[in-house]
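Taking it in order: structure first as structure tokens, then the write-up.
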Amino acid sequence: MMAERDALAVERDAVIAERDALAVRAERLEHLLRTLRRLHYGAKSERLPEAQLQLGLEDTEAAIAKVEAEAERTDPALRQERAARRRAGRGKLPAHLPRIEVDLAPEATTCPCCQAAMVVIGEDRAERLDVIPAQFRVLVTRRPKLACRACSAVVVQSPAPARLIAGGIPTEATVAHVLVARYADHLPLYRQAQIWTRQGVVIDRSTLAAWVGTAAAELAPVVARLKQIMLASARIFADETTVPVLDPGRGRTRTGYFWAIARDDRPWGGTDPPAVVYTYAPGRGHAHGRALLGGYRGILQVDGYAGYKKLADPTGRTGPSALAFCWSHVRRGFYDLAKTRAAPIATEALERITALYRIEAEIRGLSAAERHVHRQHRSASLVADLGVWLKAQHAKLFARGPTAEAIGYALNHWDGLVRFLDDGRIEIDSNTIERSMRPVALSRKNALFAGSDDGAENWAAVASLIETCKLNAVDPQHYLAQTLTRLVNGWQNSRIDNLMPWVQADQQPA
């Protein structure tokens, strides 16, 4: 009787432990759900930045997994149930990954009853994902020398292959790895050097920097040609963002600028591949913008920065023939007002602009002609009414008030704001180029500053190719390794268009 009572007590304690674990798990899941809801449905001011959200989700999900693992250790039945669920929902591993077969045969192959030899009647197979941490290897190139026994002066040997780093140790793939880690994964060179040291490969940070500079010089013609191709487009985006640059003479950093031009015609089914090109400049003046655009003649879609207005030339002889401005920037001004105070004018302005965005969401992916028809029939009247309403409200307000300033911004840019109505190729906003600026911000956050103007130029050049790879779903590591190899082996300049990232999209490993 006592033993039975003790067994029941143990079972009760196990049930209580499982209940407590499930309660903790439920609390974690509720927190996770609240976070997700705030991201998707909450007020913009309450939404977490994407990077911060991902960190929060990682920590929460890891905590949930810990609770579940502890519960499984105390309940074999629960462990078996969850294992079956994982097997059913995990999917298949990619077919192109190499398979390492491990046979686990019984030690004895004779029948335990009669000792007769047993035969294989089937097998169970289980696949798990394994990883070898970034594995270094040494490529040994052997070049035998051949001599003729009869002719003493004859010695034949294959020429040494060309190298990106003459006399250096890295392959082009190694340098590509450094570039991708630095400018795609935002890992500063000193951290890369630390990672390499842990594997016994001691390479000084300054050596890695020399590799980066050499690669940037080799890739410069490709980046220059990419920019030429972009400037031949009928419509492009442009934007600029700050980048701190070390100023040793003053012992601090100064502000430089990354200017960017981008093209993405996918929203209207255009055939030109998406691309982005970054250029470093020490300032933000319109002279730098003019140097960046190089006399671009098409439609330039930008934010409201006044410097762009100085570039426009309606004749298209010396600059962009037209400027298209960004409704997102207009909306932002009213949003900031509506979220901090009772602002009925700002709220109504937001509602009117939101109606335009709803139409844009519906027609995304249609041809330029179809988008033009929809905008003329559905959006043009809304925009016209909004313009009349904004002018009427502006006349009632104190000229220097925040609402009047938000309306004034819209009216001062009106010609460029309404331009999307007459051309289906034009987007309603310049979010395309702003998305292209996010990687620069991430790299800036991790690296803190560029070491010099030349370093910022290298950053801009390599980032142009990496981000264009991303836009075209091309693996930047494979692309850069292949492109550097081709360049150092004398790739003809007349065929440089074949080195564009989108051309190599179908040449990647399956």
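Residue numbers (the working numbering): 243 to 752.
Think of the CB as a built atom: it goes at the ideal place given N, C-alpha and C, for glycine as much as any other residue.
Taking the CB atoms as reference points, tell me whether residue i and residue j lie closer together than 9 Å.
{"i": "H614", "j": "D665", "result": "yes"}
{"i": "C641", "j": "A591", "result": "For clarity, residue 641 is Ala in the given sequence; the question names Cys instead. Cβ distance not < 9 Å, so A641 and A591 don't count as in contact."}
{"i": "V454", "j": "V704", "result": "yes"}
{"i": "E369", "j": "K334", "result": "yes"}
{"i": "Q543", "j": "R477", "result": "yes"}
{"i": "L406", "j": "V397", "result": "no"}
{"i": "G511", "j": "L608", "result": "yes"}
{"i": "P562", "j": "I595", "result": "no"}
{"i": "W501", "j": "L450", "result": "no"}
{"i": "F479", "j": "S672", "result": "yes"}
{"i": "Y651", "j": "H528", "result": "no"}
{"i": "L653", "j": "K638", "result": "no"}
{"i": "G549", "j": "R574", "result": "no"}
{"i": "P516", "j": "G498", "result": "no"}
{"i": "F576", "j": "A584", "result": "no"}
{"i": "G658", "j": "L598", "result": "no"}
{"i": "H655", "j": "G537", "result": "no"}
{"i": "I675", "j": "I503", "result": "yes"}
{"i": "A256", "j": "D317", "result": "yes"}
{"i": "V443", "j": "L431", "result": "no"}
CB-CB under 6 Å to residue i, same chain, minus the five flanking residues each way: which ones, in chain order?
{"i": "L741", "result": "V464, T725"}
{"i": "D514", "result": "D507"}
{"i": "V422", "result": "P718, Q719"}
{"i": "I670", "result": "W569, E602, F662"}
{"i": "E414", "result": "L406, A723, L726, T727"}
{"i": "V380", "result": "none"}
{"i": "I587", "result": "Q635, T645"}
{"i": "L729", "result": "E460"}
{"i": "A404", "result": "V730, N731"}
Keeping to the same chain, check which residues put their C-beta closer than 8 Å to that of residue i; ignore five residues upstream and five downstream.
{"i": "N700", "result": "V454, G455, A458"}
{"i": "E604", "result": "H616"}
Going by the DSSP bridge assignment, what does residue i pair with across the sheet?
{"i": "L388", "result": "V398"}
{"i": "F479", "result": "A504, Q543"}
{"i": "A359", "result": "T352"}
{"i": "T497", "result": "P486"}
{"i": "T521", "result": "W501"}
Taking 9 Å as the threshold (beta carbon to beta carbon), is residue i in contact with chain B?
{"i": "R370", "result": "Looking for chain B here will not work: only one protein chain is present."}
What do you get for residue i, buried or exposed, if any count of 16 or more other CB atoms within 10 angstroms of its CB means buried?
{"i": "C390", "result": "exposed"}
{"i": "D427", "result": "exposed"}
{"i": "I437", "result": "exposed"}
{"i": "L297", "result": "Below a pLDDT of 50, predicted positions are generally treated as unreliable, and L297, at 48, falls in that range; the measurement from the model is reported next regardless. L297 should be labelled exposed."}
{"i": "S287", "result": "Here S287 scores only 46 on pLDDT, less than 50, and its place in the model should not be relied on; the value that follows carries that caveat. Exposed, by the Cβ-count rule."}
{"i": "A689", "result": "Note that A689 scores 48 on pLDDT, short of 50, meaning its location in the model is unreliable; the coordinates nonetheless yield the value given after this. Buried is the call here."}
{"i": "G643", "result": "exposed"}
{"i": "Q441", "result": "exposed"}
{"i": "D301", "result": "Any reading at D301 is ruled out, since the residue's pLDDT is 48, under 50, leaving its predicted position unreliable."}
{"i": "K469", "result": "buried"}
{"i": "L371", "result": "exposed"}
{"i": "R505", "result": "buried"}
{"i": "I668", "result": "buried"}
{"i": "T416", "result": "buried"}
{"i": "A523", "result": "buried"}
{"i": "Q294", "result": "Unreliable positioning characterises Q294 in this predicted model, as indicated by a pLDDT of 48, which lies under 50. The coordinate reading is nonetheless provided below. Label assigned to Q294: exposed."}
{"i": "E343", "result": "exposed"}
{"i": "Y233", "result": "In the structure as shown, the chain begins at 243 and stops at 752. Residue 233 is therefore absent and cannot be evaluated."}
{"i": "P509", "result": "buried"}
{"i": "A249", "result": "exposed"}
{"i": "G409", "result": "exposed"}
{"i": "C711", "result": "buried"}
{"i": "S621", "result": "buried"}
{"i": "E482", "result": "buried"}
{"i": "A715", "result": "exposed"}
Can you list, in chain order, the residues of its chain with a C-beta nearer than 7 Å to that of residue i? Leave out the 5 residues immediately preceding and following it.
{"i": "A462", "result": "A703"}
{"i": "T352", "result": "A358, A359, M360"}
{"i": "P197", "result": "Outside the shown range of the chain, which is 243 to 752, sits residue 197, and nothing can be said about it."}
{"i": "A580", "result": "A588, T589, L592"}
{"i": "A626", "result": "none"}
{"i": "A418", "result": "Q719, L722, A723, L726"}
Subject >> Whole alpha helix (DSSP H) elements within the stretch 523 to 588, 4-residue minimum >> reply: 528 to 535, 548 to 551, 569 to 582
**OP:** Pick out the complete alpha helix (DSSP H) segments inside the stretch 607 to 646, 4 residues or longer, and give them in chain order.
**Re:** 610 to 616, 622 to 638
Original post:
What are the complete alpha helix (DSSP H) segments, minimum 4 residues, inside the stretch 688 to 737?
Top reply: 695 to 713, 718 to 730
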